[in-house]
Every structure is written in structure tokens, then in C-alpha cells.
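Colleague: Questions regarding the structure given below will be posed in turn.
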Amino acid sequence: MSSALSEGEVARALEGLSLGNAVQHYPVALTTTSVALGWLRQRGAGHGSLVIADTEISPTARLGGDLGFEVGLALSIILEPPVAVDHQDILWAHGLLALSAGLAAAGIAARPWWPEFGVDAAKAKHGSAHASTQLSANKIESTILTLRFSTDVASRIDALVAALARIEELMSRPPAEVADEYRSACVLVGEPVTVRLMPSGSSGGLASSIDERGGFGVGDGKATMARHAIDQIRSIGLRQKG
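Per our numbering, the sequence shown starts with residue 24, numbered consecutively.
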């Protein structure tokens with residue numbers, strides 16, 4: 024397991040980045056998401072405020088339960104994204120692309136598995152992304168984007184810097200461009216999948232990736248037959264071919 028990041032390391036690493044203009048760094052936190060939310064609501068933390076934890080006490084997957092990997096570094100960044108309310112799910116793509124960049128910088132080749140994990144060629148999980156959006160008056164007030172990296176990440180500082188730089192770059196691009204890039208990266212695109220839906224039911228076919236709203240598409244290889252928002256998705260699994 025990697026040693027904890029030092030305050031000096033973090034400060035030097037964030038030089039030149041617009042994100043991370045205010046930082047809270049904890050050796051141990053319940054979750055970085057909960058700390059960031061409290062900072063935002065109680066003390067008015069602004070765009071670019073960053074929470075880092077070397078260890079989280081209670082990290083969970085999107086719908087609760089075990090993540091499927093041991094967390095070695097967690098970060099939550101508060102953003103004020105220039106994204107319409109009906110495009111908020113695209114922010115999960117921002118997170119997954121940033122997660123992949125962070126893992127790559129640490130020497131781990133991983134691809135996004137919609138909507139929350141980064142997996143290697145053997146489908147082992149090495150990290151996760153989560154977007155928690157706060158709405159008011161028909162607009163996005165803020166989003167807390169949380170990335171968690173597994174203990175396999177030997178260089179936490181490299182992962183941190185690469186992920187933040189990637190978020191910074193993606194935030195300057197329109198949702199359609201982010202969706203196109205995600206389409207090229209996603210391990211599920213073109214594969215036969217089953218989308219388990221909430222509260223029940225399922226949707227099957229070939230995955231056609233996400234659109235600019237962040238809707239996950241399933242079709243027959245020629246046309247997209249259905250799109251699912253993140254709050255409709257329980258899980259997405261690969262189906263046997265043939």
C-alpha cells in the first residue's frame with residue numbers, strides 16, 4: 024500500500040492547475056464526498072475546491088454495497104459545470120475519463136465500464152467515479168465529482184495530478200465532444216449487454232455508448248433502440264456472444 028501523501032507533495036503537484044485552489048487533505052475520512060458536501064453547504068466552498076483522503080472509512084458503490092476493490096486514494100472536487108440540467112449524466116463520463124487518465128499515469132491500463140468503474144483487460148476493477156449534482160431553479164448549482172483509486176495505484180500523486188488535469192480539460196468542452204471521446208474509450212461499446220433496470224426489468228442488445236445527455240444506449244448494431252438515464256440503471260453486464 025502506498026504511503027500517505029504529504030501536504031508539500033500535494034501543494035507542489037497542484038501548482039499550475041486551476042482546480043485544487045482550496046484543499047482539505049485527510050489521512051482518514053468517512054468519505055470525501057460527505058466532507059465535500061459539508062464544506063459546500065456549510066462554508067460555501069467554490070468551484071475547484073478539493074478534498075483528498077488517504078483512507079476512507081465507508082466507501083460504497085453507486086447504489087450502496089462493496090466497490091469490489093480496496094480504495095487507496097479518494098478525491099472529491101467541487102465543480103460548477105457549464106452543463107444543462109438535462110445533460111447532468113454526462114458528468115459521469117467526465118469522471119470516468121479522468122479516472123482512466125489517473126490510472127494510466129500510475130501505470131494501470133483501464134477502460135471505463137458505465138456508469139462508475141475503471142476495469143483492466145481481465146475486467147478487474149481499479150477505480151470508480153461518482154457524480155453528485157446539486158440543483159436549484161432549473162440549473163446545476165454544483166457537482167461533486169468523486170474518484171476512488173485502488174491500492175494497486177503505486178503513485179498516488181501522479182494519479183491525482185493526471186485526473187485533475189483531465190477534468191479541467193474536459194470541463195472546457197461541450198457535452199457532445201465528451202460523449203464522443205467516451206464512446207471511443209468505453210469497454211462496453213459494441214458488446215452484447217444486459218442493462219438491469221430499476222425498480223425491475225431489463226434491456227438487452229448491443230451497447231452503443233452514451234449520448235450528449237449521458238443516456239446509455241442499447242440497440243441492434245444498426246440503430247439505438249433505447250437509452251437509459253443513470254437513475255434507471257441498476258447494473259450493466261456483458262452477455263455471452265453467439
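C-beta atoms are modelled at their ideal positions from N, C-alpha and C, and glycine is treated no differently.
Whole angstroms is fine: what's the gap from serine 232's alpha carbon to serine 99's?
Modeller: Rounded to the nearest angstrom, the two C-alpha atoms are 25 Å apart.
Colleague: Grab the span of the beta strand (DSSP E) containing aspartate 268 for me, first residue to last.
Modeller: The structure shown does not extend to residue 268, since the chain is modelled only from 24 through 265, so no value can be given for it.
Colleague: Taking glycine 141 as the reference, give the member of Ile80, Gln111, Ser173, Asp243 with the closest Cα.
Modeller: Out of Ile80, Gln111, Ser173, Asp243, Ser173 has the C-alpha closest to the C-alpha of glycine 141.
Colleague: Restricting to Cα atoms, I'd like to know which of Phe239, Glu204, Cys209 is closest to arginine 219.
Modeller: Ranking the options by Cα distance to arginine 219, first place goes to Phe239.
Colleague: Residue range of the alpha helix (DSSP H) that serine 29 falls in?
Modeller: Serine 29 -> no alpha helix (DSSP H), and no H or E assigned at all.
Colleague: Tell me where the beta strand (DSSP E) around glutamine 157 begins and ends.
Modeller: First-last of the beta strand (DSSP E) with glutamine 157: 148-159.
Colleague: Cβ atoms of leucine 119 and methionine 93: under 9 Å apart, would you say?
Modeller: Looking at the sequence shown, residue 93 is not methionine but glutamate. No; because the gap between Cβ atoms is not below 9 Å, this pair is not in contact.
Colleague: Report the residue from Ser225, Glu30, Gly39, Ile113 whose alpha carbon sits nearest the alpha carbon of glutamine 47.
Modeller: Selected option, being the one with the closest Cα: Glu30.
Colleague: Counting only runs that start and end within the region 40-111, where is the beta strand (DSSP E) found for 3 or more residues in a row?
Modeller: Correct list: 45-52, 72-79, 94-102.
Colleague: Taking only three categories from DSSP, how would you classify tryptophan 115?
Modeller: Looking at tryptophan 115 - three-state DSSP - the assignment turns out to be helix.
Colleague: When the Cα of glycine 69 is compared with those of Leu42, Thr55, Ile80, Gly88, which residue comes out closest?
Modeller: When only C-alpha atoms are compared, the closest one is Leu42.
Colleague: Quick one: what does DSSP say leucine 220 is sitting in, helix, strand or coil?
Modeller: Strand.
Colleague: Per DSSP, which residues does leucine 168 bridge with? Please list them.
Modeller: Leucine 168 pairs with Ile100, Ala154.
Colleague: Would glutamate 214 pass as a contact of serine 165 if the rule is Cβ separation under 9 Å?
Modeller: Result no, Cβ atoms of glutamate 214 and serine 165 do not sit closer than 9 Å.
Colleague: Indicate the three-state DSSP secondary structure (helix, strand or coil) for serine 226 in the structure shown.
Modeller: DSSP places serine 226 in strand when its eight states are reduced to three.
Colleague: Mind checking arginine 85: buried by the 16 CB within 10 Å criterion, or exposed?
Modeller: The residue in question, arginine 85, is buried, as its Cβ has 16 or more Cβ neighbours within 10 Å.
Colleague: If you drop the 5 nearest sequence neighbours on each side, which residues of the same chain put their C-beta closer than 7 Å to that of proline 50?
Modeller: Cβ neighbours of proline 50 beyond the five flanking positions: Ala27, Asp77, Thr78.
Colleague: Helix, strand or coil, according to DSSP, for glycine 260 in the structure here?
Modeller: Reduced to three states, the DSSP call for glycine 260 is strand.
Colleague: If I follow the unbroken alpha helix (DSSP H) through valine 184, where does it start and stop?
Modeller: It spans 179-194 - the alpha helix (DSSP H) in which valine 184 sits, taken as one unbroken run.
Colleague: Provide the residue span of the alpha helix (DSSP H) that contains alanine 249, from first to last.
Modeller: It is not in any alpha helix (DSSP H) - alanine 249 instead sits in the beta strand (DSSP E) that spans 247-251.
Colleague: Leaving aside the five residues before and after methionine 24 along the sequence, list all residues of the same chain whose C-beta is less than 6 Å from its C-beta, in chain order.
Modeller: Legend: pLDDT at methionine 24 = 45, less than 50; position of this residue unreliable, value from coordinates given subsequently. Answer for methionine 24: Thr174, listed in chain order.
Colleague: Give the straight-line distance between the Cα atoms of leucine 53 and serine 81, rounded to the nearest whole angstrom.
Modeller: Cα to Cα, leucine 53 sits roughly 6 Å from serine 81.
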